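Enquirer: For reference, the structure I am asking about is given below.
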Amino acid sequence: MAAIGANSQLNPLENAERQFEEAASRLKLDPGVKETLKRPRRATIQSLPVMMDDGSIRVFTGYRVQHSIARGPAKGGIRFHQDVTLEEVEALASWMTWKCAVADIPFGGGKGGIKVDPRQLSLSELERLTRRYAADLSDLFGPESDVPAPDVNTGEREMAWFVDTYSMHERRTELAVVTGKPLEVGGSAGRREATGRGVMISVAEVCRRLGMDLKGARVAVQGFGNVGGVSADLLASECGAKIVAISDVTGAYADPNGIDVKAALQHASSRKGLTGFAGAKPMSGSILEVDCDILVPAALENQITSDNAAQVKARVIAEGANGPTTPDADKILEAKGIYVIPDILANSGGVTVSYFEWVQNRMGFYWPEREVNGRLHEKMTKAVSDVWDMAQSEKVSLRVAAYMVAINRVLRVHQLRGMYA
Ligand code: GLU
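Numbering (my numbering), first residue to last: -19 to 401.
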């Protein structure tokens, strides 16, 4: 993302705002209301001094943006990445608002980030950085105000440190302050797989409506982490799809006869990546342009742009990542008749089960995995159906429809609550 300044097509905040504007203009929002819904409620920049293992001090930059708390506490993950910027976090926070509204869970939207390449830190440095961030913003966070979760390069381990730090400051254990925790620390059954499971459900629901059989359908998945890896696994094992290409930051692999996903998952977890995977052929071209029926971009933003959108061969794209398609690329894909299941719908399974985790923490009563998965299925199928119906009735893309459904829901709450002062 180094070239963002030179290429505004790659600025995630501009892209998020363009997506919002297109839906908002169809809804004919009052200009003041539109501005209120568009802008973040609050953005925080932190300097985070951390003692490194060699005794030196390094100061990292952290962010937390609360885009909206209209429908409930701000909700959204924390990412650790060397390219994190305030604008990116703002964009991601706004996507969370619309995602929680599409999923119809009682949360607003937020996102956090630390500009760091976590692979360059030791485990104890990473822990001190995570704790510093959690402690420094502990006034902001809380089960009723702002509830973080994992995102790119963070997971259960970081969430456990987060709970511990926050709880020490509060002088009592507060599990509901973050989601995506280890099971032993108040996590929910099914949370780890939830985003990938949601991708699978959204693909199945859309393909059913298109009359596309998933059995034997060829799928390419970009990104083989918590989202891409699980999506590939479930699409293969539960829907009978054929995974013809997979990739991560370490390499891309293809096999037109189908890849053994379980073997790839095992390889990736023991080798910290797909590098050297012998179960398929290393690919030279872009995975996004592979000949397939379904493409799942599950890595980072700005992967499908106006430069490569024309070469995409899939009929359906399910956005496992947040913001993988630029608005210019969207137009090209739409003209080609490709159905894009937008991020705020396709990957909403993660935050939906985060909501279930938060509910279970507050009840102190935990559900078996089949109950979590059943409730997730119910939520996701309803969300797809609401978005599909909006797309049909308004004759718009699934992305515009998802935004329209979401904006309407947030708008209604604004109208009912009224304006304070
Ligand atoms: N980081 C995930 C997302 O982008 C999950 C957020 C959450 O569970 O709060 O949706």
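All C-beta atoms, glycine included, are put in the ideal place defined by N, C-alpha and C.
Computed from a predicted structure; not experimentally measured.
Looking at ligand 1, does it come within less than 7 angstroms of V331, judged from the CB to the closest heavy atom?
Expert: Checking the Cβ of V331 against ligand 1 gives yes.
Enquirer: Which value, in whole angstroms, describes the spacing of the CA atoms of K55 and D240?
Expert: Cα to Cα, K55 sits roughly 35 angstroms from D240.
Enquirer: Indicate whether Q(-1) and S168 have their beta-carbon atoms separated by less than 8 angstroms.
Expert: Contact: no.
Enquirer: Compare the Cα-Cα distances from P236 to each of K222, G265, V390, Q246 and report the closest residue.
Expert: For P236, the nearest C-alpha among the options comes from K222.
Enquirer: Within the present structure, is the beta-carbon of T305 separated from the nearest heavy atom of ligand 1 by less than 7 angstroms?
Expert: Because no heavy atom of ligand 1 lies under 7 angstroms away, the Cβ of T305 does not count as near it: no.
Enquirer: Would you check whether ligand 1 has a heavy atom nearer than 7 angstroms to the C-beta of P130?
Expert: Checking every heavy atom of ligand 1 against the Cβ of P130, one is found closer than 7 angstroms.
Enquirer: At a cut-off of 7 angstroms, is N327 close to ligand 1 when judged by its beta-carbon and the heavy atoms of the ligand?
Expert: N327: yes, Cβ under 7 angstroms from ligand 1.
Enquirer: Evaluate the contact criterion for the stretch 315 to 324 versus the stretch 56 to 70: three or more CB pairs, one atom per stretch, below 8 angstroms.
Expert: Counting Cβ pairs under 8 angstroms, fewer than three are found: no touch.
Enquirer: Buried or exposed for M360, please, with buried defined as at least 16 other CB atoms from any protein chain shown within 10 angstroms of its CB.
Expert: By the 10 Å Cβ count, M360 comes out buried.
Enquirer: For the stretch 51 to 109, which segments carrying the beta strand (DSSP E) assignment without a break, of at least 3 residues, lie completely within its bounds, in sequence order?
Expert: 58 to 61, 89 to 95, all fully within the stretch 51 to 109.
Enquirer: Is T175 buried or exposed, if buried means 16 or more other CB atoms sit within 10 Å of its CB?
Expert: The residue is buried, with at least 16 neighbouring Cβ atoms inside 10 Å.
Enquirer: Assign A298 to one of three DSSP states: helix, strand, or coil.
Expert: Note: A298 maps to strand in three-state DSSP.
Enquirer: What residues in its chain sit with their C-beta under 7 angstroms from that of P98, if we drop five residues either side in the sequence?
Expert: Excluding positions up to five away in sequence, the list reads F60, L106, N133.
Enquirer: Looking only at its chain, what residues have a beta carbon closer than 7 angstroms to the beta carbon of N409, apart from the 5 residues adjacent to it on each side?
Expert: Outside the shown range of the chain, which is -19 to 401, sits residue 409, and nothing can be said about it.
Enquirer: Have a look at E299, R389, G208, A309 and flag the residue whose alpha-carbon is nearest the alpha-carbon of N(-5).
Expert: Closest option to N(-5), Cα to Cα, is A309.
Enquirer: What is the residue span of the alpha helix (DSSP H) that F204 lies within?
Expert: First-last for F204: undefined, no H or E at that position.
Enquirer: In whole angstroms, give me the CA-to-CA distance for D256 and E281.
Expert: The question names Asp, but residue 256 is Gly in the sequence shown. Their Cα atoms are separated by approximately 26 angstroms.
Enquirer: Excluding five sequence neighbours on each side, which residues of the same chain lie with their C-beta closer than 6 angstroms to the C-beta of A(-18)?
Expert: Any reading at A(-18) is ruled out, since the residue's pLDDT is 39, under 50, leaving its predicted position unreliable.
Enquirer: Could you tell me which uninterrupted beta strand (DSSP E) segments, each at least 3 residues in length, are contained entirely in the stretch 192 to 280, listed from first to last along the chain?
Expert: Listed in chain order, they are 198 to 202, 222 to 228, 231 to 234, 274 to 277.
Enquirer: Less than 8 angstroms between the CB atoms is what I'm expecting for G12 and R44, so what's the real figure, rounded?
Expert: Actually they do not touch by this definition, with Cβ atoms about 26 angstroms apart.
Enquirer: Answer yes or no: the CB of S211 versus the heavy atoms of ligand 1, is any distance below 7 angstroms?
Expert: Not under cutoff, so the answer is no.
Enquirer: Assuming contact is defined by CB atoms lying nearer than 8 angstroms, are K95 and Q62 in contact in what I supplied?
Expert: Contact flag set, yes.
Enquirer: Evaluate S48 with the Cβ neighbour count: other Cβ atoms within 10 Å of its Cβ, from every protein chain shown; 16 or more gives buried, anything less gives exposed.
Expert: By the neighbour-count rule (16 or more Cβ atoms within 10 Å), S48 is buried.
Enquirer: Can you tell me where the alpha helix (DSSP H) holding Q291 begins and where it ends?
Expert: Careful: Q291 lies outside any alpha helix (DSSP H) and carries neither H nor E.
Enquirer: Considering only the beta carbon of each residue, do V292 and L313 sit closer than 8 angstroms?
Expert: Taking 8 angstroms as the Cβ cut-off, V292 and L313 qualify as a contacting pair.
Enquirer: Counting beta carbon pairs with one atom in the stretch 176 to 183 and one in the stretch 242 to 251, are three or more of them shorter than 8 angstroms?
Expert: With a cut-off of 8 angstroms, the stretch 176 to 183 and the stretch 242 to 251 do not count as touching, because too few Cβ pairs lie within range.
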